[in-house]
Structures are given as structure tokens and as C-alpha cells.
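Input: a single structure, listed below in C-alpha cells.
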Amino acid sequence: MLKILNIHNPLRVGYILQRYFSDATTGLIKSRLVQRFLMGNWETQDVVQMAILYFVHTLILCQLGETSIPIDEFLMVEDGSYQLYPWGQIAFTKLINYSDKTSTFINRCIIYLEFLMH
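Shown next as C-alpha cells:
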């Protein structure tokens, strides 16, 4: 069985990944997390940790669809270090980057429309 080691503590094995997603090597597609969650038969603490991962990726980071959850994030949830991780800062940076791209696109459209009207 694959043993996922925590980069913060190399002796600690990633329990959730080892138990429920032993074939995951670099990350896990969020839909697999949801699918496994719906199957049930979870340990109580495991359900809480899966819900935290889903919450972070869906509501805070606004990652919809087939997004990947890195192994390190499973390990952070398991050891509690996710509570100190700057999720809000990451979400804000993504929002700014997205709005910059969007505003650039909109500005280009406006310039093009102005060109067409003259």
C-alpha cells in the first residue's frame, strides 16, 4: 500500500489518502472526493476532514468542476496546519488575477467596438 508522507514530518503517513485513495500519487480530483464521500462508511473524523477539504476548494478557492486537490492539502487538514494556512490570501490573489484578465479582455472589447464605430 502506498504511504504518503507529510513534508512537515516525514515519518507521518497520510492516513486519509492511504485508507480511501491509496492510488493517489500527486493529488486527487475533487469529484473523486465527492464520489467517495457519498458512498458513506467513513470514520467520524475522516468525514469532518473531507468536508473541510471540500469547503476550502469549493467555497473559499471557488474551484468548481474537475479541479485537483494536492496531497499536501490532505496532510495539512490531517495535522491541523490548514488552520494557519493563508487560504484567504490565496483566494484574494486568484480573484485579483482573474479580474485583471477579465478587465483586460473587456478593455480590448471596448477598444475594438470604438474602432468599429469610427
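Mapping the sequence shown onto full-length UniProt numbering, position 102 (from 1) lands on 102, and the numbers just tick up by one. Just so you know, even glycine gets a beta-carbon here, dropped at the ideal spot from N, CA and C.
**Q.** Beta-carbon contacts of I52 that lie in its chain and below 6 Å, excluding the five residues immediately before and after
**A.** Taking the first residue of the sequence shown as 1, we reach residue 52 at position 52. For I52, where only same-chain residues beyond five positions count, the Cβ hits under 6 Å are V77.
(Q) Let's see if you can read the secondary structure: which residues bound the beta strand (DSSP E) around I29? (A) Counting from one through the sequence shown, the residue named residue 29 turns up at place 29. Where I29 is concerned, the enclosing beta strand (DSSP E) stretches over 27-29.
(Q) Let's test the definition: count the other Cβ atoms within 10 Å of the Cβ of Y20 and tell me whether it reaches 16, buried, or not, exposed. (A) As a working note, residue 20 is residue 20 in the sequence shown. With 16 or more other Cβ atoms within 10 Å, it is buried.
Q.
Within a Cβ cutoff of 7 Å, which residues of the same chain sit near N27, ignoring the five residues on either side of it in sequence?
A. By one-based count along the sequence shown, residue 27 stands at place 27. According to the sequence shown, residue 27 is Gly rather than Asn. Within the same chain, G27 has close Cβ partners S68, I69, P70, I71.
(Q) Which residue marks the beginning of the beta strand (DSSP E) containing N16, and which one marks its end? (A) On the sequence shown, position 16 is the one that residue 16 refers to. According to the sequence provided, residue 16 is Ile. The question's Asn does not apply to it. Not the beta strand (DSSP E): I16 falls in the alpha helix (DSSP H), residues 15-20.
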